[in-house]
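The structure under discussion appears below in the form of structure tokens.
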Amino acid sequence: MFTLSVFGQFAAAFACCIVAFVLWSRRAFHKAVLHKAKQTFESPATADHAKARRVSLATTQELPEPVQRYLRYSLKEGQPFLRGCKLEQMGQIRLRVTRNPLEGWLSLKAEQWMSALQPAYVWSAAISWLPLVSLQGYDACLHGRGEMCWKLMAAVPVVKVSSDAISTAALIRFVGECAWCPTALLPSDWLRWEPVSSDSATAVVKHAGHTVSATFSFNAVGQITSITTAERVCVQANGTASFEKWSAHYRRWEERSGMMVPLEGEAVWNFADHDFSYVKLRVVSIEHVTEQPVDR
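Under our numbering, the sequence shown has 454 at position 64, and the numbering climbs by one with no breaks.
Printed below as a string of structure tokens:
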């Protein structure tokens, strides 16, 4: 009886240590993410530059017609330029490629910080993997460098990668998600538009030595319906990577902060032999900012 009692006490103490370690790891991980998030709004030309400018739709008349249509739909004359935004999201994600459209979906909650003045964002997510077991990680683009990091229970490293291919993929993701910060899609020293057709145009982004392009499709109203790019690096759960066609699709446009933004999105790998939808997100809240967002 004494042995069992000692063993029980030891097991309870060990369990408490594990719980304490996980809680500490989560706090440390969240602190590290917030540190990166603040960097999305750090730039020599950030806040003052944003406050000094306002949208003039007259200056967009040289842009491809579908881009003009989008800007007239999403922005108002005199709209202040944004510094960035903070989003809270809920949705589903798949970590393993499968042909079954109903298989492998996991629930997630996420926060995202992104700049409207330069290619920079941090997306932090918690994925419910197994009962009482989660994956926590982030996808970031800071100072021209892309990075992915995922940890089991915010403690055990699973994936951490940063490379030129990841950096270009992060740029593609950034330009696709600029629909949440519409002033970011106005021409700038890092973004230009090229005509394609009456309902599509290509955004070309040059930043920190990398150049990417993505073709936007617009409907008659001016909403962005999808973006596509021919080559984006696809990193699978087993660590293998390849360049694949990729697309993102946007739905449920509503007004936020005087601008029209999409509140639902879906990302798809368009493999040669099948399409693989791997993430579906719903924006729970979006805060457009001209000052540093408050930590929560």
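Quick reminder that beta carbons are idealized off the backbone N, C-alpha and C, glycines included.
How big is the Cα-Cα spacing for G474 and D554? Their backbone Cα atoms lie some 25 Å apart in a straight line.
Pick helix, strand or coil for W414, following the three-state DSSP scheme. Caution applies to W414, whose pLDDT of 47 falls short of 50 and renders its modelled position unreliable; the value that the coordinates give is listed next. Helix.
So if DSSP puts C475 in a beta bridge, which residue, or which two residues, is it bridged to? Answer is M504 and H678, bridged to C475.
Assign F633 to buried or exposed, taking buried as 16 or more other Cβ atoms, counted over all protein chains shown, within 10 Å of its Cβ. With fewer than 16 other Cβ atoms from the protein chains shown falling within 10 Å of its own Cβ, F633 counts as exposed.
Find the nearest neighbour of R417 within the set M543, L453, S675 and Q508, judged by alpha-carbon distance. With distances taken between Cα atoms, R417 lies closest to M543.
What residue does the alpha helix (DSSP H) around D554 start on, and which one ends it? Here the alpha helix (DSSP H) through D554 covers D554 to E567.
Going by beta-carbon coordinates alone, are A631 and E656 separated by less than 8 Å? No; because the gap between Cβ atoms is not below 8 Å, this pair is not in contact.
With H, G and I counted as helix, E and B as strand and the rest as coil, what does DSSP make of L447? Helix, per DSSP.
Taking just the CA atoms, how far does Y528 sit from D663? If you take the alpha carbons of D663 and Y528, they lie about 29 Å apart.
8 Å contact criterion, which P509 and C539 should meet: CB distance rounded: Their Cβ separation, rounded to whole angstroms, is 19 Å, which puts P509 and C539 out of contact at 8 Å.
Mapping the DSSP letters down to three states, classify E455 as helix, strand or coil. Helix at E455.
Three-state class that DSSP yields for H664 in the structure shown: Reduced to three states, the DSSP call for H664 is coil.
Indicate whether the contact test is met: 3 or more Cβ pairs, each with one atom in the region 468 to 483 and one in the region 497 to 509, closer than 8 Å. Because the criterion of three Cβ pairs below 8 Å is met, the region 468 to 483 and the region 497 to 509 touch.
Would K421 be called buried (16 or more neighbouring beta carbons within 10 Å of its own) or exposed? Classification for K421: exposed.
Other residues of its chain near I556: CB distance less than 7 Å, five sequence neighbours each side excluded: Only G536, E537, M538 and V623 meet the Cβ criterion.
Which of the three DSSP states, helix, strand or coil, is assigned to S464? In the structure shown, S464 sits in a helix (DSSP, three-state: H, G or I).
Starting from A427, follow its DSSP beta bridges and name the residues at the other end. For A427, which the question treats as bridged, DSSP gives no partner whatsoever.
Exposure label - M649; buried when at least 16 CB within 10 Å: Classified as buried, M649 has 16 or more neighbouring CB atoms from the shown chains inside 10 Å of its CB.
Can you grab the Cα-Cα spacing for the pair L477 / R642, in whole Å? Cα to Cα, the separation comes out at about 16 Å.
Given Q482, which residues of its chain have a CB within under 8 Å of its CB, disregarding the five upstream and five downstream residues? Excluding positions up to five away in sequence, the list reads W495, L496, S497, L498, V669 and K670.
So, is T436 buried or exposed, given that buried needs 16 or more other C-beta atoms within 10 angstroms? In this prediction, T436 has a pLDDT of 48, which is less than 50 and means its spatial position is unreliable; nothing more can be read from the coordinates.
On the premise that L581 lies in contact with A593, defined as a C-beta separation below 8 Å, what is that separation, rounded to the nearest angstrom? Between the beta-carbon of A593 and that of L581 there is about 6 Å, and that keeps the pair under the 8 Å contact cut.
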